[in-house]
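Notes follow once the structure below has been shown.
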Amino acid sequence: MTARTYAIRTFGCQMNEHDSERIAGLLEADGLVPAVDTDAADVVVLNTCCIRENADNKLYGTLGRLKTAKEERPGLEIIVSGCLAQNDREELQRRAGHVDVILGTHNVHRAVELLHQSRETGPVLEIWDEALEEAESFPSALAVRREIDYSAWVSIQIGCDNTCTYCIVPSVRGRELSRPFGELVAEVRRLAADGVHEITLLGQNVNSYGRDLTLARRELVDDTDADIEIAGTEWTGDGSRRIRPLFADLLTAVSSVEGIERVRFTSPHPKDLRPETIAAMATNDAVCNHLHLPLQSGSDAILTAMHRGYTAERYLEKLAAARAGIFDLAVSTDIIVGFPGESDEDFERTLEVAAEAEFDLAFTFIFSPRDGTVAATHTDRFIDPEIVGARYKRLHTVTERSALAKHRARIGRVEEVVVEGVSRRNEQMLSSRTRQNKLLHFASASPLRPGTRASVLVTDAGAHYLSGELVEVLAAPRHRTRIPVSAG
Ligand code: 5AD
Ligand code: SF4
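Numbering-wise (our numbering), the sequence shown opens with residue 25 and increments by one.
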């Protein structure tokens with residue numbers, strides 16, 4: 025019998041990509057295999073996002089096409105998951121009766137069970153308003169089907185306790201919950217044993233990782249069992265019950281796991297970037313010299329209206345401290361243009377601060393009102409889209425200029441890279457990542473497997489890439505190459 029096939033379309037951030045890996049893992053554990061022809065897949069998963077755009081139009085368009093496909097192939101099953109499903113559940117149910125399963129961000133682990141249930145009962149909608157079974161709410165806690173063998177995401181925290189006024193995340197992802205310290209270290213050990221040498225720690229506000237754990241731990245009097253439950257069996261703190269975030273300790277612990285050569289993380293919040301995190305980045309060789317530090321705006325008035333908890337000056341101070349402490353640090357950022365009430369002067373400040381910060385990379389976004397956020401209610405202060413468009417272009421010019429300068433400054437250096445695969449643009453070239461997270465293309469006479477480490481001389485640069493020549497291969501990948509299992 026031929027195995028049933030699945031295809032997943034992921035919208036949005038790395039958190040969603042990680043959730044998709046997890047759904048893939050669950051479907052494969054249930055006997056499904058990835059579809060080669062995604063249009064012919066038996067199970068289609070749409071993992072949605074509503075952070076920055078009105079994704080609903082796109083989603084309903086895709087669902088319309090799937091309706092026709094389902095009429096032709098009644099065996100087709102459709103799952104809609106993610107933030108948009110969490111937020112627009114009733115509308116989705118009303119407008120898309122042909123969707124078999126609608127699930128939210130807190131019950132991803134139930135995807136297959138719900139699919140089975142829908143076969144018995146018809147369409148199923150299950151959204152949890154909060155993470156209930158904590159252990160299972162962490163994507164990493166379940167079998168995942170990783171897209172890349174040598175690299176893995178590790179979700180250290182879910183939810184967000186901040187109140188940025190433009191942001192829908194706290195309402196869809198809920199309150200901040202940290203995964204026990206010891207569990208995380210154990211997972212990283214397992215991954216390393218499996219041949220993974222690069223990990224990316226994921227969280228909405230990684231600097232505050234562990235605040236909830238230490239809080240809960242301080243309440244304890246002398247109960248070792250509960251202690252272990254909260255902190256994990258391998259609690260490596262100093263034994264005290266002070267309330268403090270544990271992110272720096274976590275960085276040190278996972279960097280010390282044998283076989284882990286690169287540790288990345290995203291995203292820290294500037295207001296919480298602490299000296300010990302900078303020190304942990306500086307002293308642990310495995311932690312990559314790249315920091316993603318979202319600025320959002322250069323105007324203090326707008327930063328206040330956004331509820332960001334820092335001024336532009338404070339941001340620049342933190343950035344200077346990070347650059348002073350961490351050798352050869354690359355810095356990327358997120359900036360929003362056209363926040364309600366943003367005046368010409370506010371925007372000029374953003375340009376100035378962006379120029380001063382000299383980012384290696386900036387993700388720039390046009391403000392998009394998200395229903396349910398404070399900023400979306402300030403309709404009287406919305407900025408004319410034409411003005412926003414012009415501002416966006418000017419900001420882009422400034423951030424591209426510093427990105428190009430930063431990339432050009434690498435010419436003549438030898439970078440340590442990890443090969444990602446054949447370049448998408450030019451089959452003769454390989455694409456790789458430097459420790460600073462820059463894309464570096466180079467030619468190689470022999471094919472190098474993804475995960476291979478090499479040193480490459482940088483000979484040219486654009487604003488978003490470097491190119492160069494192979495100097496030497498440093499190490500072959502340690503992970504096992506997957507042998508495709510025939511479905512026949
Ligand atoms: N409009 C525009 N950009 C947004 N972001 C988050 N919410 C919005 C919104 N409503 C951006 C922020 C954040 C990144 C993940 O997405 O810059 O850092
Ligand atoms: Fe959203 Fe702010 Fe939390 Fe980031 S820190 S997820 S922008 S509320």
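Beta carbons: idealized from backbone N, C-alpha and C, even for Gly.
Practice problem: Just confirm the distance between the C-beta atoms of glycine 475 and valine 443, as a whole number of angstroms; I'd bet it's less than 8 Å. | Solution: Glycine 475 to valine 443, Cβ: 7 Å. Contact.
Quiz item: Taking contact to mean at least 3 C-beta pairs separated by less than 8 Å, is the region 311-327 in contact with the region 448-462?
Solution: As far as the Cβ criterion goes, the region 311-327 touches the region 448-462, which means the pair count is three or higher.
Quiz item: Under 7 Å between the Cβ atoms of valine 193 and isoleucine 223?
Solution: One thing to note: valine 193 has its Cβ no nearer than 7 Å to the Cβ of isoleucine 223.
Practice problem: Report all residues from its chain with a CB closer than 7 Å to the CB of phenylalanine 325; omit the five preceding and five following residues, and keep chain order. | Solution: For the record, residue 325 in the displayed sequence is alanine; it is not phenylalanine. The answer, listed in chain order, is Asp370.
Self-check item: Segment limits, alpha helix (DSSP H) that includes isoleucine 172
Solution: Element bounds for isoleucine 172: n/a, residue is neither H nor E.
Quiz prompt | DSSP-derived helix/strand/coil call for glutamate 369 | solution = In this structure, glutamate 369 counts as helix in the three-state DSSP scheme.
Self-check item: Inter-residue spacing [alpha-carbon to alpha-carbon] between threonine 86 and isoleucine 172
Solution: Going from the Cα of threonine 86 to the Cα of isoleucine 172 covers about 27 Å.
Quiz prompt | Selection from Arg434, Glu451 and Arg143 that minimises the alpha carbon distance to alanine 485 | solution = Answer by Cα proximity: Arg434.
Quiz item: Under 7 Å, do alanine 469 and valine 497 count as touching if we go by C-beta distance?
Solution: No, they are not a contact pair.
Exercise. Could you pull the start and end residues of the beta strand (DSSP E) that glycine 445 belongs to?
Key: First-last of the beta strand (DSSP E) with glycine 445: 438-446.
Self-check item: Residues surrounding the ligand 5AD [beta-carbon distance to nearest heavy atom under 6 Å]
Solution: Going along the chain, the residues that qualify are Ile75, Arg76, Tyr190, Cys191, Pro318, Gln320, Asp358, Ile360, Phe389, Phe391, Ser392 and Arg394.
Quiz item: What are the start and end residues of the beta strand (DSSP E) that includes glycine 106?
Solution: That run of the beta strand (DSSP E) goes 101-106.
Exercise. Let me know if glutamine 228 comes out buried or exposed under the rule of 16 or more other beta-carbons within 10 Å of its beta-carbon.
Key: With 16 or more other Cβ atoms within 10 Å, it is buried.
Self-check item: Near the ligand SF4: proline 98 beta-carbon under 6 Å from a heavy atom
Solution: False, no ligand heavy atom lies under 6 Å from that Cβ.
Practice problem: Check the C-beta distance from leucine 375 over to valine 422 and give it rounded, since I have them as a contact under 8 Å. | Solution: Sure, about 5 Å apart at Cβ, within 8 Å.
Quiz item: With 16 as the cutoff for other CB atoms within 10 Å, does lysine 430 come out buried or exposed?
Solution: Within a 10 Å sphere around the beta-carbon of lysine 430 sit 16 or more other beta-carbons, which makes this residue buried.
Quiz item: Using a threshold of 6 Å, is the CB atom of histidine 293 nearer than that to any non-hydrogen atom of the ligand SF4?
Solution: Indeed, a heavy atom of the ligand SF4 lies less than 6 Å from the Cβ.
Quiz item: Does the region 396-404 come close enough to the region 339-350 that 3 or more CB-CB pairs lie under 8 Å?
Solution: Here the region 339-350 does not lie against the region 396-404, with fewer than 3 beta-carbon pairs under 8 Å apart.
Self-check item: Between the CA atoms of isoleucine 182 and leucine 237 - distance to the nearest angstrom
Solution: C-alpha separation (whole angstroms): 13 Å.
Practice problem: Using three-state DSSP, classify glutamate 154 as helix, strand or coil. | Solution: Assigned with DSSP and collapsed to three states, glutamate 154 falls in coil, not helix or strand.
Quiz item: For serine 447, which residues from the same chain have a beta carbon less than 6 Å from its beta carbon, with the 5 sequence-adjacent residues on both sides left out?
Solution: Correct list, in chain order: Met453, Ser455 and His465.
Quiz item: For the ligand SF4, any of its heavy atoms closer than 6 Å to the Cβ of cysteine 188?
Solution: At least one heavy atom of the ligand SF4 is nearer than 6 Å to the Cβ of cysteine 188, so yes.
Practice problem: Run the proximity test for valine 193: is its beta-carbon closer than 6 Å to any non-hydrogen atom belonging to the ligand SF4? | Solution: Yes, the beta carbon of valine 193 sits closer than 6 Å to at least one heavy atom of the ligand SF4.
Quiz item: Under three-state DSSP, which class holds alanine 354?
Solution: In the structure shown, the three-state DSSP call for alanine 354 is strand.
Self-check item: Distance between histidine 221 and serine 175 (C-alpha atoms, nearest Å)
Solution: The C-alpha of histidine 221 is placed about 6 Å away from the C-alpha of serine 175.
Quiz item: Alpha carbon to alpha carbon, how far is glutamate 52 from aspartate 218?
Solution: Going from the Cα of glutamate 52 to the Cα of aspartate 218 covers about 19 Å.
Self-check item: threonine 189 beta carbon less than 7 Å from that of histidine 331
Solution: Contact flag set, yes.
Quiz item: For the beta strand (DSSP E) that threonine 145 lies in, which residues bound it at each end?
Solution: The continuous stretches of beta strand (DSSP E) do not include threonine 145, which lies in the alpha helix (DSSP H) extending over residues 135-145.
Quiz item: Is it right to say glutamate 45 is buried, meaning 16 or more other beta carbons lie within 10 angstroms of its own, or is it exposed?
Solution: It counts as buried.
Quiz item: What is the rounded straight-line gap between the Cα of proline 318 and the Cα of threonine 357?
Solution: Each residue's alpha carbon lies about 4 Å from the other.
Practice problem: Output the boundary residues of the alpha helix (DSSP H) element that contains glycine 49. | Solution: Counting along the chain, glycine 49 sits inside the alpha helix (DSSP H) bounded by residues 38-53.
Practice problem: Quickly, what does DSSP pair aspartate 484 with across the bridge? List them, please. | Solution: DSSP lists Ser491 as partners of aspartate 484.
Self-check item: Among Ile151, Ala135, Trp152 and Val125, the one whose alpha carbon lies nearest that of threonine 145
Solution: Closest option to threonine 145, Cα to Cα, is Val125.
Self-check item: Contained alpha helix (DSSP H) runs [length at least 4] in the region 363-432, N- to C-terminal order
Solution: 368-381 and 409-432, all fully within the region 363-432.
Exercise. Can you check the region 172-243 for any alpha helix (DSSP H) of at least 4 residues that lies completely inside it and give the ranges in chain order?
Key: Whole alpha helix (DSSP H) segments, 4+ residues: 193-197, 205-217 and 235-242.
Practice problem: On a CA-only basis, which of Arg473, Arg502 and Arg449 is nearest aspartate 491? Give me that one, please. | Solution: It should be noted that the sequence gives serine, not aspartate, for residue 491. Ranking Arg473, Arg502 and Arg449 by Cα distance to serine 491 puts Arg449 first.
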